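Colleague:
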Amino acid sequence: MHRLVLVASIWVAGIGPACADAEPAERLRCFDRAAPRAKEALIPKTEDFGKPPPRPPEVDQVNATVREFSKTMRGRALFVLDNGQTWRQLEGDDAQVLEPPPGAILKVTIARGAFGSYNLTIEGRNGLIRVRRIE
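Numbering (the working numbering), first residue to last: 28 to 162.
1) Looking at the secondary structure, which residues open and close the beta strand (DSSP E) in which K134 lies?
2) By the three-class DSSP mapping on this structure, what secondary structure does A122 have?
3) On the criterion of 16 or more Cβ atoms from any shown chain inside 10 Å, does A104 qualify as buried, or is it exposed?
4) In chain order, what residues of the same chain have a beta carbon less than 8 Å from the beta carbon of Q123, not counting five sequence neighbours either side?
5) Out of curiosity, what's the CA-to-CA distance linking A61 and G143?
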């Protein structure tokens, strides 16, 4: 039901301006000409029957600049990025992350790892840091 209302409102919004300025009889003919196209849009295609809906594209990596860098009480790195995300180094990760010098700009890339994990790499530095998003 909601789908039909949505399609109908999009359809009316799409042809409404084209038919709005016509005389009443012409406006009715305009909507009548457009009606078969709207009906066809609602009929599901038989070749799509049984197929799962298409998956939206996934983002494989994020490139960002570190806005704020700090360390937790246990010495784990904490990255606040310019896109609002916050990532923390995992407890099991043994990578040593040195604090950047004051005024340094850190560009990072966060990419998907194996088994749903995420790896952060800092531009200009070797190695990767296993991280988890906390915000």
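Note that beta-carbon positions come from the ideal geometry of N, C-alpha and C, so glycine has one too. Only a predicted model underlies this, so the values are computations on that prediction, with no experimental measurement involved.
Modeller: With the given structure in hand:
1) 134-139
2) coil
3) The C-beta of A104 has 16 or more other C-beta atoms within 10 Å across all chains shown, which makes the residue buried.
4) Cβ neighbours of Q123 beyond the five flanking positions: none.
5) 48 Å
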